[in-house]
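Please read the structure below before turning to the comments.
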Ligand SMILES: C[S@@+](CC[C@H](N)C(=O)[O-])C[C@H]1O[C@@H](n2cnc3c(N)ncnc32)[C@H](O)[C@@H]1O
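Residue numbers (our numbering): 29 to 341.
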């Protein structure tokens, strides 16, 4: 695993993100379609981009002519667009926040964090998330700053849509990684970045497309649900909507890989995904759950990998 990852140039997620897939890349790589390795797939589509661990990985290891990424989280998509269009100004903004932070003692750092969080929430109503504007750059810098200095790198909003994660008390958080941001910007140049629901992606898909689907986890139990990436959660009905979408992509001839947490980690009789994806290959791989609201929920669990192109065992 380590050797495989070391050979890849820098260009990694610029945010910590719940459900980030960095640790699973070697398991995914083993299961990527043969056509990808043979360079026959020219399009890459990832409708639940999150931190983009898989996107940054595949784009450095394989090459595509067209890429499309999407997420329903408007702050996240704003940041991807700012990195693509204005990375140098973003770096300046982030550098100023970083200098302010490192010049302070523990208590003042905490005060700075809550001040930036307040500004971020107060300014939200002034932002048009559909049209690039200079204010986006400052906002993306604030999001990265908050993500790096908040508790556990969580992105969580309350009912009013306000970011409400507490201060993280890290000794030496990495607020700015200039090389990584520049490399991410380079990779993003040939990518279309879209805000919205995953279903709008069907129009981009054909038989030369590789689609990676990483929806929000189906909660393993009532206490472990990731308290929303957005105000709208992802229900069992959404999982069913996604399974229908998966079948449509399959009919279009695309190669599709989907991951999710395995409900059998909690309940051996839960066949939710076996029922939804009964026509496809389902494999289980061990994973460490890294962001979880409940401390005791950390530890090893299985992740499901569902593909439409491997032989059903
Ligand atoms: C498990 S995370 C993806 C993590 C990503 N693979 C990574 O490595 O960081 C799921 C993502 O789906 C997004 N999401 C939730 N509902 C969505 C929807 N209906 N359409 C598109 N994206 C959605 C969330 O905002 C979140 O970023």
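Note that beta-carbon positions come from the ideal geometry of N, C-alpha and C, so glycine has one too. These figures come from a predicted structure and were not determined experimentally.
8 Å contact criterion, which residue i and residue j should meet: CB distance rounded
i           : j           : result
residue 80  : residue 105 : Actually they are not in contact, since the Cβ atoms of residue 80 and residue 105 sit about 11 Å apart, beyond 8 Å.
residue 282 : residue 233 : 5 Å
residue 334 : residue 308 : 5 Å
residue 88  : residue 215 : 7 Å
residue 304 : residue 279 : Their Cβ separation, rounded to whole angstroms, is 16 Å, which puts residue 304 and residue 279 out of contact at 8 Å.
residue 64  : residue 238 : 6 Å
residue 74  : residue 85  : Going by Cβ atoms, the distance from residue 74 to residue 85 rounds to 11 Å, so no, they are not a contact pair.
residue 78  : residue 242 : 7 Å
residue 140 : residue 128 : 6 Å
residue 301 : residue 310 : 7 Å
Residue i classed as buried or exposed, judged by whether at least 16 other C-beta atoms fall within 10 angstroms
i           : result
residue 181 : buried
residue 163 : exposed
residue 320 : Here residue 320 scores only 44 on pLDDT, less than 50, and its place in the model should not be relied on; the value that follows carries that caveat. Per the 10 Å Cβ criterion, buried.
residue 142 : exposed
residue 211 : buried
residue 107 : buried
residue 332 : buried
residue 340 : For residue 340, the predicted model reports a pLDDT of 49, less than 50, meaning its position is unreliable; a value from the coordinates is still stated below. Under this definition residue 340 is an exposed residue.
residue 295 : exposed
residue 166 : buried
residue 130 : exposed
residue 306 : exposed
residue 103 : buried
residue 161 : exposed
residue 185 : buried
residue 45  : buried
residue 324 : Residue confidence is low: residue 324 scores 43 on pLDDT, short of 50, so the model does not pin down where it sits. No coordinate-derived value is stated.
residue 39  : buried
residue 159 : exposed
residue 147 : exposed
residue 219 : buried
residue 30  : Here residue 30 scores only 45 on pLDDT, less than 50, and its place in the model is too uncertain to base an answer on.
residue 156 : exposed
Helix, strand or coil at residue i according to DSSP, with G and I counted as helix
i           : result
residue 204 : coil
residue 199 : coil
residue 82  : helix
residue 128 : helix
residue 320 : Annotation note: pLDDT 44 at residue 320 (below 50); position unreliable, coordinate value reported separately. Reduced to three states, the DSSP call for residue 320 is coil.
residue 283 : strand
residue 167 : helix
residue 26  : As displayed, the chain neither begins before 29 nor continues past 341, which places residue 26 out of reach and without an answer.
residue 297 : coil
residue 121 : helix
residue 71  : strand
residue 140 : helix
residue 157 : coil
residue 114 : helix
residue 265 : helix
residue 176 : helix
residue 185 : strand
residue 190 : coil
residue 108 : helix
residue 238 : strand
residue 147 : helix
residue 275 : helix
residue 315 : strand
residue 288 : strand
residue 87  : helix
residue 307 : coil
residue 332 : strand
Closest Cα partner of residue i within the set the options
i           : options               : result
residue 240 : 336, 196 and 291      : 336
residue 115 : 209, 77 and 39        : 209
residue 43  : 176, 138 and 131      : 176
residue 41  : 69, 95, 111 and 64    : 111
residue 272 : 166, 226, 310 and 78  : 226
residue 399 : 65, 126 and 338       : In the structure displayed, the chain extends from 29 to 341; residue 399 sits before or after that span and is not available.
residue 217 : 171, 102 and 95       : 95
residue 231 : 66, 71 and 57         : 71
residue 101 : 189, 229 and 237      : 189
residue 315 : 149, 301 and 289      : 289
residue 118 : 213, 78, 263 and 238  : 213
residue 133 : 157, 197 and 56       : 197
residue 173 : 200, 154 and 50       : 200
residue 244 : 76, 57, 62 and 170    : 76
residue 246 : 224, 161 and 292      : 292
residue 91  : 277, 236 and 263      : 236
residue 126 : 54, 274, 187 and 171  : 171
residue 276 : 261, 229, 168 and 266 : 229
Hey, is the region 198 to 206 in contact with the region 120 to 137, meaning 3+ C-beta pairs nearer than 8 Å?
-> Contact check between the region 198 to 206 and the region 120 to 137: three or more CB pairs, one atom from each, fall below 8 Å, which counts as touching.
Determine contact between the region 193 to 202 and the region 170 to 180, defined as no fewer than three beta-carbon pairs at a distance below 8 Å.
-> Contact holds: three or more Cβ-Cβ distances are below 8 Å.
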